[in-house]
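The structure under discussion appears below in the form of C-alpha cells.
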Amino acid sequence: FTKKICYYIFKEVDKMKEIDIDNLPRRKTYEWFRKFDYSTYGVSVKIEVTNLVKHCKENKESFFIDMLYIMVNALNSVKELRMRLYNGKPVIYDDINPAITVMTNNEVFENVRFKNYHNFKEFYKVARKLIDEAKNEEKLNDNNYNPDKIIDEYYVTCLPWIDFTNVTHPYPSDIDNQTIPRICFGKYTLNNDKYEMMLNISVSHIFVDGLHLSKVFDKVNELLDNVEDILK
Numbered sequence: 002f003t004k005k006i007c008y009y010i011f012k013e014v015d016k017m018k019e020i021d022i023d024n025l026p027r028r029k030t031y032e033w034f035r036k037f038d039y040s041t042y043g044v045s046v047k048i049e050v051t052n053l054v055k056h057c058k059e060n061k062e063s064f065f066i067d068m069l070y071i072m073v074n075a076l077n078s079v080k081e082l083r084m085r086l087y088n089g090k091p092v093i094y095d096d097i098n099p100a101i102t103v104m105t106n107n108e109v110f111e112n113v114r115f116k117n118y119h120n121f122k123e124f125y126k127v128a129r130k131l132i133d134e135a136k137n138e139e140k141l142n143d144n145n146y147n148p149d150k151i152i153d154e155y156y157v158t159c160l161p162w163i164d165f166t167n168v169t170h171p172y173p174s175d176i177d178n179q180t181i182p183r184i185c186f187g188k189y190t191l192n193n194d195k196y197e198m199m200l201n202i203s204v205s206h207i208f209v210d211g212l213h214l215s216k217v218f219d220k221v222n223e224l225l226d227n228v229e230d231i232l233k
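The working numbering puts the first residue of the sequence shown at 2, with every later residue one more than the last.
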C-alpha cells in the first residue's frame, strides 16, 4: 500500500462477462426498467446482530468491518446483485468488491475501496489498514479515480449515530452507475436482550427484484447466526 492512497483500481477483465439478454428469463422486466430515468428502489429491514456484537466485543474487532465482510458475502451469493450495466451493456461479475465511506478526524468523509478477500483475516487486515489511513487524512485525496469506469463494487456506508427506519441514497443520472447497489446500516440498539439494527439495501430494478433482495437478507441472517464459523 502507498501511504496516502486508500483505494485500489481494478481492471474490468476476466471477472466480467456479457449477459445474453435473448435468453434472460427476466428479459421483459429488464427491458421495461431500462426505459426509466431512475430505476432504483430500496428496502430496509430490521435484523438481529446479537451474535455479531458479542463476537466483536469478545475479540476486540471492528463491528463495521465484520458486518462489511458479512454483507459482501451475502450480496455476492445472489447473482442478480453481481449484474451491472457497463457502457450500456448488461454484464455479470464473478465477484464484487467493497467501496466504503470513512469519516476522517476532520469529520469529512473519504471513499475507500479495496479488493474483496474471501479469507476473513486477510479481509479484516486490509480493511483495518485502509480505514485507519483514511481516518488520519487531513484533507481528502485527489486520486484521479474515475468512478464511471469502475462498477464492480458495492457502495457501503453506515450511520452508527442513528437508529433509522428508512434511508434514501443519492444517484447520478448515469444509468450504469445506478446499477451499483447501495447499502447502509444504522445504529444497533438493545431490545428485550437482543441487539437489533436496521439494514437498507438499494438496487436497480433493471436487474434486481424483491425476490432477489429477500434472498440477500436471508443470507445475511444466516451468516449472522453463524458468526463464529464465518469470522475466523
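We put the beta carbon where it would ideally sit given N, CA and C, even for glycine.
When DSSP states are grouped into helix, strand and coil, Asn178 belongs to the helix group. Three or more beta-carbon pairs separated by less than 8 Å link the region 154 to 171 to the region 81 to 100, which places the two stretches in contact. With contacts defined as CB atoms closer than 7 Å, Ile202 and Gly187 fail to qualify as a contacting pair. The beta carbon of Phe124 sits closer than 6 Å to the beta carbons of Tyr70, Tyr118 from its chain, once the five residues preceding and following it are set aside; these are given in chain order.
Under DSSP, Ala100 forms a beta bridge with Arg114, Tyr156.
Residue environment analysis places Val228 among the buried positions, since at least 16 neighbouring C-beta atoms fall within 10 angstroms of its C-beta. A direct Cα-Cα distance of roughly 10 Å separates Phe218 from Lys47. According to the DSSP assignment, Val221 belongs to the alpha helix (DSSP H) that extends over 211 to 225. In the assembly as shown, Thr180 is a buried residue. Its beta-carbon has 16 or more other beta-carbons within 10 Å. Across the structure, Pro161 and Asn193 are spaced so that their CA atoms are roughly 20 Å apart. Of the other Cβ atoms in all chains shown, fewer than 16 fall within 10 Å of the Cβ of Thr166; this residue is therefore exposed. Distance from the CA of Met104 to the CA of Asn112, rounded to the nearest whole angstrom, comes to 9 Å. If you check the CB distance, Val168 and Cys185 come in under 7 Å. Distance from the CA atom of Pro171 to the CA atom of Asn60, rounded to whole angstroms, is 35 Å. Contact between Glu197 and Glu49 holds: their C-beta atoms lie close to 6 Å from each other, under 8 Å.
Per DSSP, the beta-bridge partners of Leu191 are Tyr196. Excluding residues up to 5 positions away in sequence, Tyr156, His170, Ser203 lie with their Cβ nearer than 7 Å to the Cβ of Arg183 in the same chain. Counted as a single uninterrupted DSSP element, the alpha helix (DSSP H) harbouring Arg35 occupies residues 28 to 35. Taken in chain order, the unbroken stretches of alpha helix (DSSP H) that lie wholly in the region 53 to 100 and span 4 residues or more are 64 to 77. From the listed residues Leu200, Ile93, Ser45, Lys140, the smallest Cα separation to Asp21 is found for Ile93.
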